[in-house]
Amino acid sequence: MSVKNDMTADFLRSAYGGESMAHMRYLIWGDIADKEGMPNIGRLFRAIAYAEWTHADNHFRALKDRVGDYSVTAGAVFGAGKTVDNLQGAIDGELHEVEQMYPVYLNAARYQEEKDAERAFHFALEAEKIHARLFKEAQEAANQGKDMELGPVYVCPVCGHTVKDHLPDVCPVCGTKKEMYKHFTA
59 MSVKNDMTAD FLRSAYGGES MAHMRYLIWG DIADKEGMPN IGRLFRAIAY AEWTHADNHF
119 RALKDRVGDY SVTAGAVFGA GKTVDNLQGA IDGELHEVEQ MYPVYLNAAR YQEEKDAERA
179 FHFALEAEKI HARLFKEAQE AANQGKDMEL GPVYVCPVCG HTVKDHLPDV CPVCGTKKEM
239 YKHFTA
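With the numbering used here applied, the sequence shown corresponds to residues 59 to 244, in that order.
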């Protein structure tokens, strides 16, 4: 069943727009990190870009047959600077989603009994918490003019759960088996 409530549909479209822009922004910032000699940070940006694509896909699919032209308002960080500054933009964006945007969207979906939207918002919220932490780790290295130490990065293709180094047997957010995770290795 498609989303019944206009407010939740608007929130899904806004989240879709924001996640789509984050996906592209992180790909661009990953290229900048590569050019600055920080390929691990570049790879982290690309891995998290994939997670953001996953979130956008979940939001888009939750809208199902709500077809039409819409103006979408979505907050986004714009601009491309040095990697350390781009990481701050990423941290700020992720924290906005964790502390303000997704809690409101999730509560509205729950209140309006929109199960597909609730699932999509929950998945994104849980992943964004991890993304903020990973970007902070990367920024600590970049602040010293160094690349971060980074082994493999794994991203769940269902919810965007992101881990480094150790792959869980099943995703702690959505239950997807480890064999399904997308791998980002050096």
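The beta carbon of each residue, even a glycine, is placed where N, CA and C say it ideally should be.
CB-CB length for residue i against residue j, believed under 8 Å
{"i": "ALA107", "j": "TYR84", "result": "4 Å"}
{"i": "LYS187", "j": "VAL213", "result": "14 Å between Cβ atoms; not a contact."}
{"i": "GLN197", "j": "LEU145", "result": "4 Å"}
{"i": "ALA134", "j": "GLY76", "result": "6 Å"}
{"i": "GLY218", "j": "HIS113", "result": "5 Å"}
Exposed unless 16 or more other CB atoms sit within 10 angstroms - verdict on residue i
{"i": "PHE136", "result": "exposed"}
{"i": "TYR160", "result": "buried"}
{"i": "VAL221", "result": "buried"}
{"i": "ALA244", "result": "exposed"}
{"i": "SER78", "result": "buried"}
{"i": "HIS117", "result": "buried"}
{"i": "THR141", "result": "buried"}
{"i": "ASN98", "result": "buried"}
{"i": "TYR169", "result": "exposed"}
{"i": "GLY139", "result": "exposed"}
{"i": "ASP205", "result": "buried"}
{"i": "VAL162", "result": "exposed"}
{"i": "PHE189", "result": "What sits at residue 189 in the sequence shown is His, not Phe. With 16 or more Cβ atoms within 10 Å of its Cβ, HIS189 is classed as buried."}
Assigned secondary structure, residue i (DSSP; H/G/I helix, E/B strand, else coil)
{"i": "TYR212", "result": "strand"}
{"i": "HIS241", "result": "strand"}
{"i": "THR220", "result": "strand"}
{"i": "LYS122", "result": "coil"}
{"i": "VAL228", "result": "strand"}
Sequence-distant residues of its chain with Cβ nearer than 6 Å to residue i (five each side left out)
{"i": "GLU171", "result": "none"}
{"i": "ALA310", "result": "The requested residue 310 does not occur in the structure, where the chain is confined to residues 59 to 244."}
{"i": "ALA80", "result": "GLU110"}
{"i": "ARG101", "result": "PHE242"}
Residues near residue i by beta carbon distance below 7 Å, same chain, minus five either side
{"i": "ASP227", "result": "LYS236"}
{"i": "ARG124", "result": "SER60, VAL61, ALA67"}
{"i": "ALA200", "result": "MET96, ILE99, THR141, VAL142, LEU145"}
Neighbourhood of residue i by C-beta, 8 Å cutoff - its chain only, sequence neighbours within 5 removed
{"i": "LEU164", "result": "GLU176, PHE179, HIS180, LEU183"}
{"i": "GLU207", "result": "ASN98, ALA199"}
{"i": "VAL130", "result": "ARG71, SER72, TYR74, GLY75"}
8 Å Cβ cutoff, residue i in contact with chain D
{"i": "THR220", "result": "Of the chains in the structure shown, none is chain D; there is only one protein chain."}
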